[in-house]
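Visitor: The listed protein sequences correspond, in order, to chains A and B.
Letter by letter, the first sequence follows residues 1 to 156 of this note's numbering.
Letter by letter, the second sequence follows residues 1001 to 1068 of this note's numbering.
Don't be surprised by glycine CBs; every beta carbon is placed ideally from N, CA and C.
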Amino acid sequence: MANTQAICTSFKSEILVGNHQLGAATLTSRGSLTSPTKDTVKAALYLASATINAATTAYTATGEVTGTGYTAGGVTVTNGTDPTTSGTTAFWTPSASIVYSTVTLSTAFDCVLLYNSSQSNKAIQVLTFGSQTITAGTLTLTMPTNDATNALLRIA
Amino acid sequence: MSDPIFTTRGFLPATRVELRANVVEDSADRTVTRIDKYDRTDGAWVGNDLDIKVHRLPALFGEAGTFA
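(1) Anyone know if the C-beta pair for Val-1046 of chain B and Thr-1015 of chain B falls short of 7 Å?
(2) Can you look up Glu-1018 of chain B in the DSSP assignment and give me helix, strand or coil?
(3) Using the beta-carbon of each residue, which ones in chain A are nearer than 7 Å to Thr-1066 of chain B?
(4) Check each residue of the stretch 10-22 of chain A: if its Cβ is closer than 7 Å to any Cβ of chain B, include it; give the result in chain order.
(5) Please report the straight-line C-alpha distance between Thr-158 of chain A and Thr-68 of chain A, rounded to a whole angstrom.
(6) For Val-99 of chain A and Thr-88 of chain A, I'd like the C-alpha separation in whole angstroms.
(7) Let me know the secondary structure DSSP gives Val-65 of chain A once reduced to three states.
(8) Mind pulling the chain B residues with CB within less than 8 Å of Pro-168 of chain A?
(9) Please list, in chain order, the residues of the stretch 1023-1046 of chain B that have any C-beta partner in chain A closer than 8 Å.
(10) May I ask you to list, following chain order, the residues of the stretch 118-133 of chain A that have a beta carbon less than 9 Å from some beta carbon of chain B?
(11) Rounded to whole angstroms, what's the CA-CA distance from Val-1032 of chain B to Glu-1018 of chain B? Just pull it up for me.
(12) Would the beta-carbon of Asn-1048 of chain B fall within 7 Å of that of Ile-134 of chain A?
(13) I believe Thr-113 of chain A touches Tyr-46 of chain A by the beta-carbon criterion, under 8 Å. Please report the beta-carbon distance rounded to the nearest angstrom.
(14) Can you check whether the C-beta of Val-1054 of chain B is within less than 7 Å of a C-beta belonging to chain A?
(15) Touching or not, the stretch 137-151 of chain A and the stretch 1022-1029 of chain B, by the rule of three or more beta carbon pairs under 8 Å?
(16) Taking the CB atoms as reference points, tell me whether Gly-73 of chain A and Ala-44 of chain A lie closer together than 7 Å.
(17) Please report the distance separating the alpha-carbon of Gly-63 of chain A from that of Ala-90 of chain A.
(18) Measuring straight from C-alpha to C-alpha, what distance separates Thr-37 of chain A and His-20 of chain A?
(19) Identify every residue that forms a DSSP beta bridge with Cys-8 of chain A.
(20) Check whether the Cβ atoms of Ile-162 of chain A and Leu-1060 of chain B lie closer than 7 Å to each other.
(21) Applying a beta-carbon distance threshold of less than 7 Å, which residues of chain A neighbour Thr-1008 of chain B?
(22) Counting pairs of Cβ atoms below 8 Å between the stretch 45-60 of chain A and the stretch 119-129 of chain A, do you hit three or more?
(23) Could you give the first and the last residue of the continuous beta strand (DSSP E) run that contains Ala-43 of chain A?
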């Protein structure tokens, strides 16, 4: 099996029904009528042997990495910049690098799943890279420039 | 002064750790750099860091349909 980079198909339909609020909350019909909150995005790592792809609908512990310093479910993504638009493209990027500190992950991994932990762990996006291991170290995913051309999540 | 560096021998002073960076993947989508760490006192390998720079991923395209 293998992981495949993609925007999750379920996410495409979920944004049409307002399941995801990655920016300043505007939906007042959900959670709280007076103070709706922005959703929390998390990032989980998966083994190279896992099957995470466009068909993934939610975070799963199956195939997730295990190791010293890594907590199941991954880390919370820093989301300080709301989605915005430029021209005809809407886009969003985490506002800081995604960092897994002081970890040892001895079994090869090659995938990060971004998911909405505020909304039943619904899947958002799959990022892949060449198979890696890490020993007593820090894994840093540096985000692209947050613009209409390079942002991590773009709807053009 | 640099922060201590985490290794298989715990946190070591930055001056004691030699970092050797190698780009192991470089594509339009991403650049992956593996940084191996060595203890200068005996040359032992004491772990590695990974730095993945995401450049640009495919976009989701919205398309307006037409009336039949």
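Guide: Let me spell this out:
(1) The residue labelled residue 1046 of chain B in the question sits at position 46 within the second sequence. The residue labelled residue 1015 of chain B in the question sits at position 15 within the second sequence. No, Cβ-Cβ distance for Val-1046 of chain B and Thr-1015 of chain B is not below 7 Å.
(2) Position 18 of the second sequence, counting from 1, holds the residue named residue 1018 of chain B. Here Glu-1018 of chain B sits in strand by DSSP.
(3) In the second sequence, counting from the first residue as 1, residue 1066 of chain B sits at position 66. Correct list: empty, because the minimum Cβ distance to chain A is about 18 Å.
(4) So the list reads Lys-12, given in the order they occur along the chain.
(5) In the structure as shown, chain A begins at 1 and stops at 156. Residue 158 of chain A is therefore absent and cannot be evaluated.
(6) Residue numbering aside, residue 99 of chain A sits at position 99 when the first sequence is read from its first letter. Residue numbering aside, residue 88 of chain A sits at position 88 when the first sequence is read from its first letter. Near 31 Å, if we compare the C-alpha coordinates of Thr-88 of chain A and Val-99 of chain A.
(7) Residue 65 of chain A sits at position 65 when you count from the first residue of the first sequence. For Val-65 of chain A, the three-state secondary structure derived from DSSP is coil.
(8) Any property of residue 168 of chain A remains undetermined from this structure, which presents chain A solely from 1 to 156.
(9) Listed by position, the residues of the stretch 1023-1046 of chain B near chain A (Cβ gap below 8 Å) are Val-1024, Glu-1025, Asp-1029, Arg-1030, Val-1032, Arg-1034, Ile-1035, Lys-1037 and Val-1046.
(10) Here the close residues are Gln-125, Leu-127, Thr-128, Phe-129, Gly-130, Gln-132 and Thr-133.
(11) By one-based count along the second sequence, residue 1032 of chain B stands at place 32. By one-based count along the second sequence, residue 1018 of chain B stands at place 18. Going by the C-alpha atoms only, they are around 19 Å apart.
(12) Here residue 1048 of chain B refers to the residue found at position 48 of the second sequence. Here residue 134 of chain A refers to the residue found at position 134 of the first sequence. In terms of Cβ geometry, Asn-1048 of chain B and Ile-134 of chain A form a close pair [threshold 7 Å].
(13) By one-based count along the first sequence, residue 113 of chain A stands at place 113. By one-based count along the first sequence, residue 46 of chain A stands at place 46. What sits at residue 113 of chain A in the sequence shown is Leu, not Thr. Right, their Cβ atoms sit about 6 Å apart.
(14) Here residue 1054 of chain B is taken as the residue at index 54 of the second sequence, counted from 1. Chain A places a beta carbon closer than 7 Å to that of Val-1054 of chain B, counting this residue as a contact.
(15) The count of Cβ pairs closer than 8 Å, one atom from the stretch 137-151 of chain A and one from the stretch 1022-1029 of chain B, stays below three, leaving the stretches out of contact.
(16) Looking up residue 73 of chain A in the first sequence gives position 73. Looking up residue 44 of chain A in the first sequence gives position 44. Contact flag set, yes.
(17) Within the first sequence, the letter at position 63 stands for residue 63 of chain A. Within the first sequence, the letter at position 90 stands for residue 90 of chain A. Rounded to the nearest angstrom, the two C-alpha atoms are 32 Å apart.
(18) The count along the first sequence starts at 1 and reaches residue 37 of chain A at position 37. The count along the first sequence starts at 1 and reaches residue 20 of chain A at position 20. Cα to Cα, the separation comes out at about 11 Å.
(19) The residue labelled residue 8 of chain A in the question sits at position 8 within the first sequence. For Cys-8 of chain A, which the question treats as bridged, DSSP gives no partner whatsoever.
(20) The structure shown has nothing for residue 162 of chain A, since chain A only spans 1 to 156.
(21) The residue labelled residue 1008 of chain B in the question sits at position 8 within the second sequence. Close to Thr-1008 of chain B, with beta-carbon spacing below 7 Å, are these residues of chain A in chain order: Thr-135 and Ala-136.
(22) Taking a contact to require three or more Cβ pairs closer than 8 Å, the stretch 45-60 of chain A and the stretch 119-129 of chain A qualify as touching.
(23) In the first sequence, residue 43 of chain A corresponds to position 43, counting from 1. 41-47 is the extent of the beta strand (DSSP E) around Ala-43 of chain A.
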